[in-house]
Amino acid sequence: MGVIDRFPSSHDFVLRRLDASALETLARFDAGHRPGDDATERRLFGLWTQMRLSLGHDGGHDYDEQTRKAVRDVAVGDTPWTAKDVRLLWSVADALMVWRHTNYGELYQIPIAAVRRLEYAERRRVLEGSQDWYRRYHRPAWDALHEELDDLLTEPAENGPAGAVRNVIWNCDEIACRLAEEYGARLAAPSVLPLLRHWNTARSSKPSAKWLKTAGTLLTDEAAGLVREILTLVAAHREKTLRHRSDEGYEWSETVFLHERTAVPARGMVWTCVLIDEPWVTGLLGDVALTCGTGIGGSGPNSRSEMLANAAINVLARRGGLDVVAALARVQVKVRKKSVLTNVARTLDAVAAEAGLRREQLLDRTVPTFGLGPDGVREEKVGDYLARLCADGPALRFVSPAGKTVKSVPQAIRRDPALAELKSTLKELKQALPAERFRLERALIEERLWRWHDVAEFFLDHPVTGPYARNLIWQILQGPAGLPVATGTGWELVDPQGRRIQPYPDTPVQLWHPIRETAEDVRAWRDHLLEHDVRQPYKQAFREVYLLTPAEERTRTLSNRFAGHVLRYGQAKALLNQRGWTGLSIGHWDYECGGDQGEAVKELSGWRARWGMHVTGEPEADGWGTASFSVAEDIRFFREGQEIPDFHGWSAEGVPLTEVPPLVLSEVLRDADLAVGVASVGLDPQAIGGHEEYWHSYGFGELSETARTRSDALARLLPRLKIANRVELDGRFLRVRGSLRTYKIHLGSGNILMEPNDAYLCIVPGNDRAAQTVFLPFEEDGGMLSVIVSKAFLLANDRAITDPSITRQLTV
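With my numbering as the guide, the letters of the sequence shown map in order to residues 3 to 814.
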């Protein structure tokens with residue numbers, strides 16, 4: 003019986019790396035042949051000797067002296083091992099160890115001797131993960147081998163500070179490499195190295211009192227400075243795609259943010275911030291939580307590093323106080339990972355309770371002003387220049403000693419520390435503005451109530467939130483509504499007819515929503531905004547309303563209004579994540595268990611909406627990975643806390659749509675319409691193979707609610723345009739009369755047909771200066787309103803078109 007026959011059959015995959023020639027050589031060794039000077043034969047003989055250690059399927063501990071001598075001879079010999087050989091030897095030993103072979107000293111003697119012949123970097127690549135695997139799952143093997151493994155993976159002192167750092171963190175990702183090469187001398191200094199090793203023990207979910215006490219005794223000013231610099235690196239870091247090739251020639255790639263060996267000491271640095279009382283700590287922890295809590299590519303329901311995000315949030319929770327609220331509010335806007343959001347909510351609730359407020363009230367009161375004045379401008383002298391930090395933009399602008407305003411940084415003050423501080427503040431302001439816009443829109447769809455004096459103090463008078471809040475319509479509860487107008491003593495509301503409303507300080511108010519209004523009132527507000535060039539931060543007066551249809555009454559518990567649309571999956575997922583949907587993850591994997599089907603989930607005002615989707619397209623085209631295209635399915639609603647059957651909950655019976663509050667139904671369907679309007683393949687200039695019929699039906703078919711709102715806006719805009727005498731609305735199209743042809747621009751897709759034969763005209767959207775000067779009351783539907791106006795300006799003057807890709811089509 004040969005060594006192959008005695009090897010456990012359940013682990014025969016280990017030997018699949020051997021080709022026919024190698025197997026033949028092993029058989030010759032079974033028959034008594036011994037190697038000569040040929041290097042390949044000597045390496046295979048070492049493998050054959052390793053495989054002789056198999057004691058069969060029952061395993062065991064004892065080997066005869068002849069086998070032990072053979073193993074010793076190979077181990078002390080000069081076999082020219084390669085990294086590929088070492089990986090195979092180690093895999094054979096691991097297979098036998100798992101198969102209850104317990105004489106670990108004999109079992110790993112040859113693999114350990116072979117790995118010693120490799121360079122340190124190659125040793126790490128071969129043994130990566132081995133230590134944790136033994137420690138967690140094979141403790142007896144760990145007890146026997148860990149000292150030798152530690153020795154194998156320790157770089158010698160002559161490798162310098164970088165080697166000392168790599169002994170702790172290794173070099174499994176970009177940050178680890180930078181820590182060794184750029185920070186090696188400082189991290190390996192006698193005053194810091196013990197703390198680095200302590201950081202590497204941060205393996206629990208939270209630091210113990212003992213851990214923090216030890217960190218406190220080791221912490222120095224130099225180490226605190228390193229914490230700030232390294233966590234700043236982590237906050238600015240983004241994932242990298244690494245490509246690998248196996249010994250057998252298989253190639254694969256993986257996207258890596260931080261390896262666990264880097265993330266653990268980074269968590270130790272985050273924990274150490276508990277002990278550092280400096281003003282930079284709160285903002286930096288917020289940056290770390292935001293970067294690490296966000297999904298790959300900056301969006302998605304997962305986190306780059308959930309471990310680090312929660313560690314940063316937990317330290318912010320320990321610090322407490324109102325200073326942490328702004329940092330946590332930014333995380334709440336961007337991050338979609340449920341566990342991280344739950345942690346943020348718990349922290350905000352604790353801070354709010356300490357202040358005697360609700361979470362929403364806390365957020366109202368803690369929006370930073372960044373030193374801006376009531377006009378949204380902060381002025382500071384930097385050298386001989388006056389620097390202006392403006393919420394409008396936001397931007398930094400500079401006034402020279404001669405009084406000339408410039409946008410670029412003057413050479414004379416580029417290195418001024420005051421400028422660096424202003425740039426840092428500008429960065430924070432850029433992050434705060436979208437967070438405030440998001441918060442105001444969420445308040446609209448959640449029908450939040452305030453007292454009028456709180457609206458005036460925390461919104462209308464605020465230099466950051468104010469520019470948004472002043473362009474929104476506010477409504478007295480069950481009463482009149484108006485736009486805010488400043489008076490000598492405060493704020494009033496003015497309606498479209500110019501009537502002034504002065505709410506009492508304690509009057510309850512909310513943001514106006516068109517679903518509660520008559521069509522006449524909505525039209526009045528739309529006309530008023532356009533007449534006075536009021537651009538709202540999000541669609542409010544022009545907001546689409548989705549009422550229950552007869553078809554949905556017939557389907558009772560589900561809406562098929564957006565079912566059947568073919569979407570670019572990545573775009574759809576990104577937009578839905580931005581709108582607060584979570585959980586969507588589909589691709590060409592695990593078809594038997596439904597990996598090609600999934601759902602997006604959104605929770606709103608005590609309800610949970612679930613929108614099903616499934617993969618479409620050939621798996622080979624996507625490399626059997628994440629889907630490029632998906633098909634939308636029905637939308638169902640469930641009450642919060644309602645138990646939903648496992649395994650594709652989107653197919654479970656939902657609540658009758660007649661029981662869903664109209665605003666909840668409308669806002670959920672609006673999100674779906676936005677996703678379709680941005681991600682539908684019907685928007686592409688040309689049809690995608692296999693979806694030609696859908697492309698044509700979407701590109702030129704009936705208008706969605708979003709497109710109908712676009713049509714309503716255009717009806718008000720067209721008379722104001724320079725090309726008003728050449729354009730008119732015609733059902734689903736904007737009809738444009740050029741000099742060469744007459745064109746019909748579809749109001750849903752922006753696709754163009756040319757009269758008289760409805761020939762398709764392909765134009766890729768560009769930047770049209772004439773269109774850019776047109777006031778648009780909103781731009782929140784993927785930019786399609788702007789695209790349509792831009793195309794209208796272009797085609798109205800079609801004789802001036804010089805692009806040959808367009809002119810060729812006009813003369814066909």
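Ideal Cβ positions, reconstructed from N, Cα and C, are used throughout, including at glycine.
These numbers come from a predicted model, not from an experiment.
DSSP state of A611 mapped onto helix, strand, coil: By one-based count along the sequence shown, residue 611 stands at place 609. Reduced to three states, the DSSP call for A611 is strand.
Alpha helix (DSSP H) segments (min. 4 residues) lying fully within the segment 174 to 198: 176 to 183 and 186 to 189
Contacting residues, own chain, Cβ-Cβ under 6 angstroms from G162 (five flanking each side not counted): For this step, residue 162 is matched to residue 160 along the sequence shown. Cβ neighbours of G162 beyond the five flanking positions: none.
Contacting residues, own chain, Cβ-Cβ under 6 angstroms from A291 (five flanking each side not counted): Locating residue 291 in the sequence shown gives position 289, where the first residue counts as 1. Counting only Cβ-Cβ distances below 6 angstroms, and skipping sequence neighbours, we find A311, A314, I315 and V333.
Cα-Cα separation, R360 to A354: By one-based count along the sequence shown, residue 360 stands at place 358. By one-based count along the sequence shown, residue 354 stands at place 352. The straight-line gap from Cα to Cα measures roughly 6 angstroms.
Nearest to A41 (by Cα), restricted to the options L221, R54, A24 and G34: Taking the first residue of the sequence shown as 1, we reach residue 41 at position 39. Per the Cα distances, A24.
Secondary structure of Y540, DSSP reduced to three states: What you label residue 540 is simply residue 538 of the sequence shown in a count that begins at 1. In this structure, Y540 counts as coil in the three-state DSSP scheme.
As assigned by DSSP and simplified to three states, the class of C294: Mapped onto the sequence shown, residue 294 falls at position 292. DSSP places C294 in helix when its eight states are reduced to three.
Under 8 angstroms between C-beta atoms of T349 and L318: The residue labelled residue 349 in the question sits at position 347 within the sequence shown. The residue labelled residue 318 in the question sits at position 316 within the sequence shown. For T349 and L318, yes; Cβs fall inside 8 angstroms.
6 angstroms Cβ shell around A773 - same chain, five flanking residues per side excluded: Mapped onto the sequence shown, residue 773 falls at position 771. Low confidence applies here, because A773 scores a pLDDT of 49, under 50, leaving its location unreliable; read the following figure in that light. For A773, where only same-chain residues beyond five positions count, the Cβ hits under 6 angstroms are V791, S792 and F795.
P482 beta carbon less than 8 angstroms from that of D497: Walking along the sequence shown from the start, residue 497 turns up at place 495. Walking along the sequence shown from the start, residue 482 turns up at place 480. Taking 8 angstroms as the Cβ cut-off, D497 and P482 qualify as a contacting pair.
Cβ neighbours of V379 in the same chain (closer than 6 angstroms, five flanking residues each side left out): Taking the first residue of the sequence shown as position 1, residue 379 is located at position 377. Here the set comprises R390 and C392.
Extent of the continuous beta strand (DSSP E) run through R390: Here residue 390 corresponds to residue number 388 of the sequence shown, with the count starting at 1. Start and end: Y387 to C392.
Through-space distance from A677 to H530, alpha-carbon basis: Counting from 1 along the sequence shown, the entry for residue 530 is found at position 528. Counting from 1 along the sequence shown, the entry for residue 677 is found at position 675. If I take the Cα positions, the gap works out to 29 angstroms.
Reduced DSSP secondary structure (H/G/I, E/B, other) of Y65: Position 63 of the sequence shown, counting from 1, holds the residue named residue 65. Of the three classes helix, strand and coil, the one that applies to Y65 here is coil, per DSSP.
F31: first and last residue of the uninterrupted alpha helix (DSSP H) it sits in: If you number the sequence shown from 1, residue 31 lands on position 29. Where F31 is concerned, the enclosing alpha helix (DSSP H) stretches over A22 to D32.
Alpha carbon of G627 to alpha carbon of S305, nearest angstrom: Along the sequence shown, one-based indexing puts residue 627 at 625. Along the sequence shown, one-based indexing puts residue 305 at 303. Each residue's Cα considered, the two are about 19 angstroms apart.
Where P303 falls, given that 16 or more other Cβ within 10 Å makes a residue buried: Locating residue 303 in the sequence shown gives position 301, where the first residue counts as 1. Result: buried.
Secondary structure of K208, DSSP reduced to three states: Taking the sequence shown and counting its residues from 1, one reaches residue 208 at position 206. In this structure, K208 counts as coil in the three-state DSSP scheme.
CB contact flag (A164, I171, <8 angstroms): As a first step, residue 164 must be located in the sequence shown, where it is residue number 162. As a first step, residue 171 must be located in the sequence shown, where it is residue number 169. No, the Cβ-Cβ distance between A164 and I171 is not below 8 angstroms.
G107 burial status per 10 Å Cβ neighbour count (16 or more: buried): Here the question's residue 107 lines up with position 105 in the sequence shown. Classification of G107: exposed, given that the 10 Å Cβ count is below 16.
Collapsed DSSP secondary structure at A329 in the structure displayed: To locate residue 329, count along the sequence shown from 1; it is residue 327. Of the three classes helix, strand and coil, the one that applies to A329 here is helix, per DSSP.
Contacting residues, own chain, Cβ-Cβ under 7 angstroms from C275 (five flanking each side not counted): Here the question's residue 275 lines up with position 273 in the sequence shown. Around C275: V229, V283, L287 and V317.
Whole-angstrom distance between F372 and G299, CA atom to CA atom: Working through the sequence shown from its first residue, we reach residue 299 at position 297. Working through the sequence shown from its first residue, we reach residue 372 at position 370. So the alpha carbons of these two residues sit roughly 29 angstroms apart.
Residues near T467 by beta carbon distance below 6 angstroms, same chain, minus five either side: Residue numbering aside, residue 467 sits at position 465 when the sequence shown is read from its first letter. Within the same chain, T467 has close Cβ partners V369, E438 and F461.
Stretch-stretch touch, CB-based, cutoff 8 angstroms, three pairs: the segment 540 to 547 with the segment 556 to 576: no
Burial state of R638, where buried means 16 or more other Cβ atoms lie within 10 Å: For this step, residue 638 is matched to residue 636 along the sequence shown. That one is buried.
Pairwise C-alpha distance: N169 and E157: Along the sequence shown, read from residue 1 onward, the residue named residue 157 stands at position 155. Along the sequence shown, read from residue 1 onward, the residue named residue 169 stands at position 167. If I take the Cα positions, the gap works out to 6 angstroms.
Simplified DSSP state of W273, which is helix, strand or coil: To locate residue 273, count along the sequence shown from 1; it is residue 271. Helix, per DSSP.
Residue range of the alpha helix (DSSP H) that includes W454: Locating residue 454 in the sequence shown gives position 452, counting from the first residue. Segment W454 to V457, the alpha helix (DSSP H) holding W454.
CB of P505 within 8 angstroms of CB of L495, strictly: By 1-based counting over the sequence shown, the position of residue 505 is 503. By 1-based counting over the sequence shown, the position of residue 495 is 493. Yes. Within cutoff.
Beta carbon of F640 nearer than 8 angstroms to that of V657: Indexing the sequence shown from 1 puts residue 640 at position 638. Indexing the sequence shown from 1 puts residue 657 at position 655. Yes.
Boundaries of the alpha helix (DSSP H) in which T711 is found, first to last residue: Working through the sequence shown from its first residue, we reach residue 711 at position 709. Looking at the DSSP string, the run of the alpha helix (DSSP H) that includes T711 is E707 to L719.
Status (buried if at least 16 other CB within 10 Å, exposed otherwise) for H63: Taking the first residue of the sequence shown as position 1, residue 63 is located at position 61. Exposed, because fewer than 16 other Cβ atoms sit within 10 Å of the Cβ of H63.
Inter-residue Cα distance where the pair is S788 and Q542: One-based indexing of the sequence shown puts residue 788 at position 786. One-based indexing of the sequence shown puts residue 542 at position 540. Computed Cα separation, rounded: 18 angstroms.
beta-carbon E67 near the ligand PLP non-hydrogen atom, thresh 7 angstroms: Among the ligands in the structure shown, none appear at all, so the ligand PLP cannot be discussed.
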